[in-house]
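To start, the structure under review is shown below, and the notes come after it.
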Amino acid sequence: DTGVSQNPRHKITKRGQNVTFRCDPISEHNRLYWYRQTLGQGPEFLTYFQNEAQLEKSRLLSDRFSAERPKGSFSTLEIQRTEQGDSAMYLCASRQTGDTIYFGEGSWLTVV
Amino acid sequence: AQRVTQPEKLLSVFKGAPVELKCNYSYSGSPELFWYVQYSRQRLQLLLRHISRESIKGFTADLNKGETSFHLKKPFAQEEDSAMYYCALRDTSGTYKYIFGTGTRLKVLA
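Here the protein sequences line up with chains X and B, keeping their order. Straight run, no breaks: the first sequence in my numbering ends on number 520. Straight run, no breaks: the second sequence in my numbering ends on number 267.
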């Protein structure tokens, strides 16, 4: 499968712990997005990378959230000191210049 | 403000009946609109985009700038059309991020 890959697919963590999600985009795609989706809602934009540069961050992305794309390939999304309100599906998407975006299957986070 | 509104959370129709999933948007520039679909246990995937004016799986959508709408239509629903449908607006002013509606679950009954 050469699509967008995300792992882990599911993560259960205790409140206050840190978690990290990884996204491997489609190989030639230089643009990468993170979205968050909660039950009954559509995906909400979190942040955007063009190559290794993080060009936009949503107000949804509090200072407990950090995203990186160190070599312009895979990306990580870290949530520090998790809270129950962080429970959601975290989606990664990628695209090439001018193309449509392609989504991964998402990483489910449950904070207990 | 940029916003996409899908007023219906759930739409149930019988097989063979026409389907219309509503989508309205708010955007100050020239909009690019899309419909994404998510079948059970699958990832979100593109169904169609307004600029291509194509029909995919029998679905069509016309951009109506006067009414700021991009409703998705199909004349005869099939059971395999049952899924979550999301309308999305692409922000063409910078990062080309997509702004999604809250989605409509379509259930096609036998």
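By construction, the Cβ of each residue, glycine as well, lies at the ideal position given by its N, Cα and C atoms. Just so it is clear, the structure is predicted and the values come from calculations on it, not from any experiment.
Look at the stretch 433-497 of chain X and you find these whole runs of beta strand (DSSP E), each 3 residues long or longer: 439-445, 452-458, 461-465, 473-476, 483-487. At a cut-off of 7 Å, the C-beta of L203(B) has a neighbouring C-beta in chain X. Scanning its chain for C-beta atoms nearer than 6 Å, with the 5 sequence neighbours on each side dropped, one finds around P451(X) the residues Y443, Q445, L499, in chain order. Collapsing the DSSP output to three states places I509(X) in coil. Contact between P188(B) and Y182(B) holds, since their C-beta atoms are separated by about 6 Å, short of 8 Å.
DSSP lists S226(B) as the bridge partner or partners of N221(B). Secondary structure note for T421(X): its beta strand (DSSP E) is the uninterrupted segment 418-421. When Cβ pairs closer than 8 Å are counted between the two stretches, the stretch 414-433 of chain X is seen not to touch the stretch 461-470 of chain X, the count staying below three. For F257(B), a Cβ of chain X is located within less than 7 Å of the residue's own Cβ. The beta carbons of E491(X) and N426(X) sit about 12 Å from each other, so the pair does not count as a contact at 8 Å. D494(X) and K419(X) have their C-alpha atoms spaced approximately 12 Å apart. Taking a beta-carbon distance threshold of 7 Å, R210(B) does not count as an interface residue toward chain X.
Counting C-beta pairs with one atom in each stretch, the stretch 475-482 of chain X and the stretch 161-174 of chain B have fewer than three that are closer than 8 Å, which means they do not touch. Nearest to V161(B) by C-alpha distance, out of F191(B), R198(B), F233(B), is F191(B). Judged by beta-carbon spacing, V194(B) lies within the 7 Å limit of A240(B), meaning their Cβ atoms are closer than that value. In this structure, the straight-line span from the alpha carbon of S474(X) to that of Y456(X) is close to 12 Å.
For the stretch 499-519 of chain X, residues whose beta-carbon sits nearer than 9 Å to a beta-carbon of chain B comprise L499, A501, R503, G506, T508, I509, Y510, F511, G512, E513, G514.
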